[in-house]
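What follows is a single structure, written as structure tokens, with notes after it.
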Amino acid sequence: MAQFVVRQLEESVKRRLQRRAKRNRRSMEEEVRHILRNAAKEEGRPVEKLGSRIAARFRKVGLPRALPEVRGGRAQPADFDE
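Per the numbering used here, the sequence shown runs over residues 3 to 84.
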């Protein structure tokens, strides 16, 4: 098992880690291990583009018809007076 020391960690970060560990019912050391494991897992995963993530989130909701794709147009401010 590897070990390392983190130097010059801000006191505010330490306090937030302590609160997070307490919330998750873990020691601060175990909380840091948990954070590092999760960070290392995501390293090799390709990042999905925002539009694809939004579409995936709402896929089960469904729409009555397909929405047209808008590209290259100028954004227009909403007009609420009509």
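In this text, a Cβ means the ideal position worked out from N, Cα and C, and glycines have one as well.
Note that the coordinates shown come from a computational prediction; the quantities given were computed from them, not determined experimentally.
One alpha carbon belongs to V49, the other to D83, and they sit about 40 Å apart. In the same chain as H36, and ignoring 5 residues on each side of it, the C-beta atoms closer than 8 Å to its own belong to N26 and R28, in chain order. With fewer than 16 neighbouring CB atoms inside 10 Å of its own CB, E31 falls in the exposed class.
Considering only R55, V34 and R22, the residue with the shortest C-alpha distance to V7 is V34. If you ignore the 5 residues before and after A68, its C-beta comes within less than 6 Å of no other C-beta in its own chain.
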